[in-house]
Amino acid sequence: MKTIAVIFGGRSTEHDVSIVTALASIIKPLEVLGGYNIEPVYIAKNGAWYWDKKLKNIATFQSGEIEDFMRKAPKVQLSIDDGLTLIKSSQFAGRKQYKKIDIVFPAMHGTHGEDGELMGLLEMANVPYIGCGVAASAIAMDKVLAKQVTTSAGIASTPWVWFNAVDLERDLKGTLAKIATLQYPLFVKPAHLGSSIGITKVNSKDQLLNALEVANHYDNRVIVEQAVNNLIEVTLPVLGNDDPVPAMLEEPLLKSEDFFDFETKYMQGGKKGGKKGGSSKHGSQGYSRIPADLPKDLYNSAVETGLAVYRATGCAGIARIDMLIDSKTKKVMFNEINPMPGGLYSHNWNKAGMSNVDLVEKLILLAEERWQKSQKITTAFSTSYLKQF
Amino acid sequence: MISRITSFFGPTYPKTLAYMLQSTEYQVKPYLAWYWRTNNFNDVSHRRSLDKTRRARLLVAGLRIGIALQIIVGIIVLIQGIQKNQVSDIYFGIAILLSYPVIWAHLIVIPLLVARFFIVLPKDRRAVKVSRRIFEEHGAIKIAVAGSYGKTTMKELLLTILGEGKKVAATPANKNVAISHAHFAKKLRGDEEVIIIEYGEGAPGDVARFAKNTKPTIGIITGLAPAHLDRYKTLDSAAKDILSLADFLNEKNIYINNESDPLKKYKKSSYTPYDQNSVLGWKISDIHVRIDGMSFAMEKNGQKLSLQSGLIGRHLIGSLALCVALAKEIGCTDRDIIVGVAKTIPFEHRMQPREMAGGYIIDDTYNGNLEGVRVGLQLLSELDSRRKIYVTPGLVDQGKESMHVHQEMGRLIAKANPTKVVLMKNSVTHWICDGLASGGYKGELVIEKKPLDFYTNINQIIAAGDIMMLQNDWTDNYK
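Protein chains in written order, with my numbering: chain L, 26 to 414; chain R, 53 to 531.
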């Protein structure tokens with residue numbers, strides 16, 4: 026029986042979302058699927074790693090028992106010698122417990138996990154893992170980099186500018202002048218955060234400085250985007266390696282003055298937005314319509330754009346592409362990529378005919394397929410270079 | 053062996069005994085049979101847990117007090133034996149201490165037996181006697197519904213359709229034995245135009261006794277299938293009991309389901325057959341079955357009724373048609389009939405469709421016979437879907453016929469050819485597998501060892517385009 030480690034939590038503002046993704050959307054269907062020994066690996070907010078079967082239980086986190094657990098439980102060490110091995114003290118006579126991991130299922134959201142850092146470690150360990158690789162994760166989690174890559178692939182975006190935190194301190198005037206090239210309303214976003222954290226919609230110049238401060242509070246790089254008129258916001262979950270397949274194009278239902286922020290996504294069951302009619306349903310992340318209510322041509326165009334973004338950024342396994350549509354001009358614009366969608370966006374995959382169990386099983390197959398391919402790549406060759414010295 | 057022994061002395065043992073009694077409806081024989089075949093009392097409740105009713109709480113408290121007293125007595129005897137250096141007392145004390153689980157598992161049935169024989173049974177006999185007079189004097193049309201399956205459905209359909217235009221009363225839920233009939237009689241107001249009484253037969257002589265008590269004027273026999281064979285022993289014996297309703301009615305006003313193959317050999321010319329083609333001169337046509345309902349038309353002497361029902365399953369068309377025909381016979385208007393049929397919706401756990409994770413489950417877990425399996429699979433075959441999943445633990449109470457019934461069940465499943473079959477692991481699983489193999493089933497077969505886990509995680513397995521049919525229930529008192 027293969028052992029699969031589900032890694033979640035982390036030093037991220039999306040720490041709690043990651044716990045729910047891991048326990049509800051990954052570990053539960055893996056248990057139902059059967060055939061795997063599931064090892065939950067929790068990364069605390071301070072970055073310490075823990076590994077214990079008890080961490081599969083959501084009540085451990087809800088009741089605050091986790092604090093007590095972390096005080097008593099040994100921290101986990103990692104060995105990346107010939108694969109990934111978890112090591113922890115057994116608390117008896119200095120003995121250690123070892124667990125060789127066959128596959129890793131990262132359930133991390135946000136910094137230090139979804140952004141390629143964890144993937145780098147897993148690449149070093151040469152262990153198969155679910156989801157995007159180092160480069161795609163890093164690109165996806167840097168909104169500036171993602172725009173640069175997709176723009177170079179000919180994929181449209183709304184007008185945008187970016188700057189570093191230091192630019193605000195050293196050259197506020199120049200930074201504001203860059204922003205002035207855009208038309209209000211604007212969106213000010215931290216470049217690296219997901220789940221809409223730290224994003225502010227700015228309707229006029231007097232709100233701008235405050236929004237920049239908020240974004241800078243969360244990140245050292247900020248992106249400012251021009252809002253899209255006649256906006257239809259859509260998102261497309263995608264699955265696959267070389268031949269990605271889309272789920273259903275999903276349309277979050279929002280009032281014109283709203284945007285899909287953290288509160289809307291996770292805290293209110295999506296009640297912030299107004300229901301526009303049709304067969305709208307609560308998704309795991311809010312109130313949305315699946316499939317999006319768009320003319321067929323526009324629907325297909327958005328799906329093609331989503332797949333083009335997935336390919337251009339080198340995504341693998343799973344990702345979710347957010348796009349903006351100007352309903353008058355019918356222009357589809359890339360907005361963001363989420364390389365580990367919250368809850369795997371399983372509600373959408375269910376609508377597309379893939380059950381939660383099928384989804385995790387498919388993701389494991391994709392991870393193994395990608396890893397097997399990577400093993401065929403030559404990474405070393407003999408040279409006489411050292412003999413010169 | 054060790055786990056069996058330790059489970060006797062676990063803290064949850066009294067609760068487990070109460071659960072076993074509750075699950076066997078406080079019947080001593082099945083409880084004791086279950087008790088003696090249980091290997092591990094920590095591993096008894098798989099399907100549900102103890103419902104903390106007043107009676108259950110009293111039982112648990114009684115067991116705990118009794119066990120505590122026995123332990124105290126055992127300790128006292130043991131200490132005295134040690135103090136007096138009496139080996140026999142020491143052994144006796146140890147015996148008292150060790151024997152409490154077995155002793156209290158049996159002692160607990162004594163109050164139940166005493167209460168049953170000296171309080172419940174005499175009280176029930178008096179109530180039934182009173183009800184006999186109530187039924188006899190009541191001027192309503194009295195419809196008795198009997199059969200191995202489909203009784204509750206037929207009763208509910210009659211209540212819904214006839215009730216749209218007439219004052220109708222029916223026995224509640226699946227309360228269908230003599231004492232339930234007696235309680236029902238007490239609640240009758242006297243102004244009812246139609247009374248519907250469901251007969252829940254379980255042993256030879258039941259139906260004749262129910263008929264004698266309730267004095268029906270019309271009898272409906274919904275079908276014959278192997279059920280309660282632990283008591284009836286043979287299908288023929290079950291048929292004779294069910295058809296004793298026709299004897300009571302002198303073979304007049306008897307409506308018989310023409311789609312029940314086993315019933316056909318008992319059919320007489322004086323009986324009125326009903327099926328999805330015709331009933332009482334009405335011709336049935338234009339049947340359309342969807343996941344969310346059905347439509348059909350009935351025509352007689354140039355009069356046509358177009359009907360819509362929320363029920364699903366072609367096998368229910370005959371029952372609906374009989375209700376419509378009887379409604380016409382007793383003077384209901386066409387409008388009342390159409391509205392009444394439109395109000396028929398699936399009953400809980402009986403061919404009840406439910407949307408889940410974009411797909412559909414059809415909950416037919418209250419079905420408990422082979423005929424129900426046959427029609428369930430027929431429905432699954434008829435509906436359009438991307439993936440069809442059939443889930444069953446098998447059928448309980450099949451007596452000596454169990455092997456044949458489950459092999460036939462496997463063949464029926466193979467014929468329906470669902471994408472995936474999930475069998476709940478128990479004593480009949482291998483027979484269903486035999487039937488699947490002989491039927492040439494080539495789809496995916498899963499043997500599920502943890503039924504509760506499966507049923508509670510269906511939302512993880514199903515997706516849009518899937519239909520999952522759940523049939524039959526296998527409670528913890530069956531192995």
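For glycine and all other residues, C-beta sits at the position ideal for the given N, C-alpha and C.
These figures come from a predicted structure and were not determined experimentally.
Item	Value
Contact under 8 Å by Cβ, L/Leu146 with L/Val253	no
Secondary structure of L/Ser229, DSSP reduced to three states	coil
Under 9 Å by beta carbon: chain R residues contacting L/Lys53	Asn509, Gln512
Rounded straight-line distance, which links the Cα of R/Cys384 to that of R/Lys219	11 Å
Backbone secondary structure at L/Asn82 - three-state DSSP	coil
Alpha-carbon spacing of R/Asn353 relative to R/Leu475, whole angstroms	49 Å
From R/Ala230, R/Leu149, R/Ser151, residue whose alpha carbon lies closest to that of R/Leu173	R/Ala230
Sequence-distant residues of the same chain with beta carbon closer than 6 Å to L/Ile91, five excluded per side	Thr85
Interface positions of the region 382 to 411 of chain R facing chain L (Cβ-Cβ less than 7 Å), listed along the chain	Ala409, Gly410
Members of the region 55 to 86 of chain L near chain R, C-beta cut-off 7 Å	Val57
Where L/Gly378 meets chain R, residues with beta-carbon distance less than 9 Å	Gly410, Gly411, Arg438, Arg439, Ala515, Ala516, Gly517, Asp518
Straight-line gap, R/Trp483 to R/Ser490 (C-alpha atoms, nearest Å)	11 Å
CB of R/Pro66 within 8 Å of CB of R/Leu115, strictly	yes
R/Val154 to R/Ala108 span [Cα, whole Å]	19 Å
Partners in chain R for L/Val382, counting only beta-carbon separations shorter than 8 Å	Gln512, Ile513
Cutoff 8 Å: L/Asn375 Cβ touching any chain R Cβ	yes
Reduced DSSP secondary structure (H/G/I, E/B, other) of R/Trp526	coil
Bridge-paired residues (DSSP) for R/Arg184	Per DSSP, none; premise fails for R/Arg184.
Separation of R/Ser59 from R/Gly126, as counted between CA atoms	20 Å
Terminal residues of the beta strand (DSSP E) in which R/Thr193 lies	Before going on, a small fix: residue 193 of chain R reads as Ile here, not Thr. Its beta strand (DSSP E) spans residues 193 to 198.
Whether L/Gly158 touches L/Gly339 by CB criterion (8 Å)	yes
Opening and closing residue of the beta strand (DSSP E) in which R/Phe348 lies	345 to 352
Inter-residue spacing [alpha-carbon to alpha-carbon] between R/Pro224 and R/Phe236	8 Å
Simplified DSSP state of R/Ala222, which is helix, strand or coil	strand
Chain R contact for L/Lys297 (CB, 8 Å cutoff)	Unreliable placement is indicated for L/Lys297, whose pLDDT of 42 sits below 50; the coordinate value is still reported in the next sentence. No - not a single Cβ of chain R is within 8 Å of the one on L/Lys297.
Pick from R/Ile162, R/Ile248, R/Ile128 that is closest to R/Ala147, judged by C-alpha positions	R/Ile128
Spatial distance of R/Lys502 from R/Met403 (CA atoms)	24 Å
Backbone secondary structure at R/Asn469 - three-state DSSP	coil
DSSP beta-bridge partners of L/Met358	L/Leu349
Whole-angstrom C-beta distance between R/His280 and R/Gly254, which should lie under 8 Å	5 Å
Backbone CA spacing between L/Ala344 and L/Ala171 [nearest angstrom]	13 Å
Residues sharing a beta bridge with L/Leu264, DSSP	L/Val270, L/Ile343
Any chain R beta carbon closer than 8 Å to L/Ser407	no
Local Cβ density within 10 Å of L/Glu39, reported as buried at 16 or more and exposed below that	buried
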